[in-house]
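Read through the structure below, which is laid out as structure tokens, and then see the notes.
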Amino acid sequence: MTGLLLVACGDSTATTVSTTAAASTAAKTSVASGTTTSAATTAAVATTAAATKAASGDKTKILFASLTGDSPLYVAIDKGYFDAYNLSVEIVNVNNSSEIISLLATGQASGGGTSWAASFFNAAQKGSNITIAAPYQKVPKTGKTNARLLVAKSAYDSGQVKTVADLKGKNVAIPGPSAFAEYSVYLALKNAGLSIKDVNLVNIPFPQVAAALKSGSVVAAYAGEPTSTQLEADGIAVTLSDGHAAGTEISSLAFNTDFLNKNPDAVVKFVAAYIKASNELNAGGFQNPQIQKIVEKYTKIPGEILGKIPQPSPSYDGSFDISSVRAQEAYYRERGVLSYAGDINLDTIIRKDILEKAKQLL
Numbered sequence: 001m002t003g004l005l006l007v008a009c010g011d012s013t014a015t016t017v018s019t020t021a022a023a024s025t026a027a028k029t030s031v032a033s034g035t036t037t038s039a040a041t042t043a044a045v046a047t048t049a050a051a052t053k054a055a056s057g058d059k060t061k062i063l064f065a066s067l068t069g070d071s072p073l074y075v076a077i078d079k080g081y082f083d084a085y086n087l088s089v090e091i092v093n094v095n096n097s098s099e100i101i102s103l104l105a106t107g108q109a110s111g112g113g114t115s116w117a118a119s120f121f122n123a124a125q126k127g128s129n130i131t132i133a134a135p136y137q138k139v140p141k142t143g144k145t146n147a148r149l150l151v152a153k154s155a156y157d158s159g160q161v162k163t164v165a166d167l168k169g170k171n172v173a174i175p176g177p178s179a180f181a182e183y184s185v186y187l188a189l190k191n192a193g194l195s196i197k198d199v200n201l202v203n204i205p206f207p208q209v210a211a212a213l214k215s216g217s218v219v220a221a222y223a224g225e226p227t228s229t230q231l232e233a234d235g236i237a238v239t240l241s242d243g244h245a246a247g248t249e250i251s252s253l254a255f256n257t258d259f260l261n262k263n264p265d266a267v268v269k270f271v272a273a274y275i276k277a278s279n280e281l282n283a284g285g286f287q288n289p290q291i292q293k294i295v296e297k298y299t300k301i302p303g304e305i306l307g308k309i310p311q312p313s314p315s316y317d318g319s320f321d322i323s324s325v326r327a328q329e330a331y332y333r334e335r336g337v338l339s340y341a342g343d344i345n346l347d348t349i350i351r352k353d354i355l356e357k358a359k360q361l362l
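Per full-length UniProt numbering: the sequence shown ends with 362, consecutive numbering throughout.
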């Protein structure tokens with residue numbers, strides 16, 4: 001049996017599977033300056049004796065954001081899709097894509113869902129050990145999306161913030177800098193005639209956004225899912241902008257290159273199990289009480305809320321919207337956070353054969 005350890009990002013309450021895990025996070029926010037000092041999350045994982053005995057090779061650490069967009073992961077674990085491929089899967093938490101990318105590049109983790117963040121572009125350009133095995137998530141092109149910009153309901157009801165243009169000079173929460181959350185806020189501001197420099201970005205982990213909105217330390221936030229839907233259901237926030245990021249590439253399923261080269265079959269089987277669970281959810285699985293209970297166990301979001309959450313669009317035909325990827329790369333270059341000039345060569349970091357082999361197993 002191949003052991004796969006999945007490290008989740010974002011929800012500090014997520015349940016660990018077949019492991020004893022501890023993840024600690026410290027974040028200090030300076031609202032006056034609009035900046036945050038965040039201590040990197042430390043995830044210490046001690047594998048159970050049973051899992052260790054079952055594993056025939058190195059345990060694989062695959063980092064995933066603990067959002068409802070990761071629900072296929074939870075479903076695949078609980079419904080035995082990974083077991084069917086003789087894979088052992090475990091989960092602990094980190095905070096954001098930058099941490100995931102760092103752990104992948106250094107070999108401390110073997111895979112994870114990572115956004116097209118500046119840290120990813122920089123690491124890939126330097127030839128770090130990161131290879132993309134499959135597309136992961138993109139924002140739906142139509143309907144309610146998973147990339148909404150929220151405003152505190154108190155600020156909206158008082159008339160302080162009625163439109164995106166009203167955010168000028170105000171504090172806006174994102175989970176971390178130079179990644180999809182910031183880019184999504186930028187797109188919303190751009191549509192309103194503002195730039196990212198017109199607001200004060202404050203780095204706040206998703207679980208802490210509710211308190212920040214209620215206290216008034218921020219007036220708006222990109223909170224991801226399922227946090228955004230929960231905030232609206234609790235009467236803490238309302239949607240200020242939606243559709244501004246429609247069709248945007250969010251993330252990819254990436255692996256440490258050395259691990260992938262040594263364990264290609266395990267990676268193919270993991271992707272196959274993930275796709276099977278994702279297809280089940282896309283076919284209306286979120287209305288299934290059994291599925292709701294599974295996802296609720298990991299996200300702590302009530303089942304009745306889960307059925308209302310807009311889902312990211314998977315792209316399992318293997319295609320990427322390259323123009324969307326290039327637009328994000330250009331944005332980070334304009335922000336001065338890329339360490340290179342020109343466009344990155346995507347062909348050197350994408351393994352299209354992994355997804356094709358995974359689909360053949362289904």
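Idealized CB from N, CA, C, for every residue including glycine.
All figures in this text were calculated on a predicted structure; none of them were measured in a lab.
Inter-residue Cα distance where the pair is Ile275 and Ile291: The straight-line gap from Cα to Cα measures roughly 15 Å.
Whole-angstrom distance between Leu194 and Ala46, CA atom to CA atom: Confidence at Ala46 is low in this model, with a pLDDT of 27, below 50, so its placement is unreliable and the value that follows should be read with caution. Whole-angstrom Cα-Cα distance: 47 Å.
Exposed unless 16 or more other CB atoms sit within 10 angstroms - verdict on Gly159: The residue is exposed, with fewer than 16 neighbouring Cβ atoms inside 10 Å.
Inter-stretch contact (C-beta, 8 Å, three-pair minimum) for the segment 96-103 and the segment 169-180: Yes, the segment 96-103 touches the segment 169-180.
One or two residues paired with Leu150 in a DSSP bridge: According to DSSP, Leu150 bridges with Ala221, Thr239.
Endpoints, the alpha helix (DSSP H) within which Tyr136 is located: Residue range 130-138 is occupied by the beta strand (DSSP E) that includes Tyr136, with no alpha helix (DSSP H) assigned at that position.
Start and end residues, beta strand (DSSP E) containing Val202: According to the DSSP assignment, Val202 belongs to the beta strand (DSSP E) that extends over 200-203.
Continuous alpha helix (DSSP H) stretch holding Ser158: start and end: Looking at the DSSP string, Ser158 is not in any alpha helix (DSSP H), and its letter there is neither H nor E.
Contact set for Asp321: own chain, Cβ-Cβ below 6 Å, skip 5 residues either direction: The beta carbon of Asp321 sits closer than 6 Å to the beta carbons of Glu249 from its chain, once the five residues preceding and following it are set aside; these are given in chain order.
Contact the segment 124-136 vs the segment 222-233: 3+ CB pairs below 8 Å: In short, these stretches do not touch, since the Cβ pair count stays below three.
beta-carbon Ile236 near the ligand ZN non-hydrogen atom, thresh 8 Å: As far as ligands go, the structure on display features none, and thus does not contain the ligand ZN.
Span of the alpha helix (DSSP H), counted from its first residue to its last, around Asn122: 118-125 is the extent of the alpha helix (DSSP H) around Asn122.
Exposure of Leu189, with buried meaning 16 or more beta-carbon neighbours within 10 Å: Around the beta carbon of Leu189, a 10 Å sphere encloses 16 or more other beta carbons of the protein chains shown; the residue is thus reported as buried.
Residue from Val209, Ser241, Asp242 whose Cα sits closest to the Cα of Gln230: In terms of Cα proximity to Gln230, the closest of Val209, Ser241, Asp242 is Val209.
C-beta atoms of Asn263 and Asn129 nearer than 9 Å: When the beta-carbon positions are compared, Asn263 and Asn129 stay at least 9 Å from each other.
Secondary structure of Asn171, DSSP reduced to three states: Residue state, collapsed to three classes: strand.
Close beta carbons around Phe121, own chain, < 7 Å, minus the five adjacent residues each side: Excluding residues within five positions, the ones whose Cβ falls inside 7 Å are Glu329, Tyr332, Leu338, Ile344.
Where Ile196 sits in the DSSP three-state scheme: It is helical.
Classification of Val111 by the beta-carbon crowding that lies within 10 angstroms, buried from 16 upward: Just to set this straight, residue 111 is Gly in the shown sequence, not Val. Gly111 should be labelled buried.
DSSP-derived helix/strand/coil call for Asn191: Three-state result, Asn191: helix.
Which of helix, strand or coil DSSP assigns to Ser71: Three-state result, Ser71: helix.
Whether Lys269 touches Leu149 by CB criterion (9 Å): No, the pair does not count as a contact, with Cβ atoms beyond the cut-off.
Cut-off 7 Å between Cβ atoms - residues of its own chain near Ser71, not counting five sequence neighbours on either side: Correct list, in chain order: Leu281, Val295.
Residue environment, Glu304, which counts as buried when at least 16 other CB atoms sit within 10 Å: So Glu304 ends up on the exposed side.
According to DSSP, residues forming a beta bridge with Ser313: Lys138.
Paired residues, beta bridge with Glu249 - DSSP: When DSSP reads this structure, Glu249 sits in a beta bridge with Lys138.
Opening and closing residue of the alpha helix (DSSP H) in which Ser215 lies: Where Ser215 is concerned, the enclosing alpha helix (DSSP H) stretches over 209-215.
Buried versus exposed call for Pro289 [16 or more other C-beta atoms within 10 Å across all chains shown]: Exposed, since its Cβ has fewer than 16 Cβ neighbours within 10 Å.
Exposure of Tyr340, with buried meaning 16 or more beta-carbon neighbours within 10 Å: Looking at its Cβ environment, which holds fewer than 16 other Cβ atoms inside 10 Å, Tyr340 is exposed.
Strand pairing of Ile350, partner residues [DSSP]: Looking at the DSSP output, Ile350 bridges to Ile132.
Leu240 versus Thr163: straight-line alpha-carbon distance, rounded: Approximately 7 Å between the Cα atoms of the pair.
Beta-carbon contacts of Ile349 that lie in its chain and below 8 Å, excluding the five residues immediately before and after: Once the five neighbours on either side are set aside, the close Cβ partners of Ile349 are Ala124, Ile130, Thr131, Ile132.
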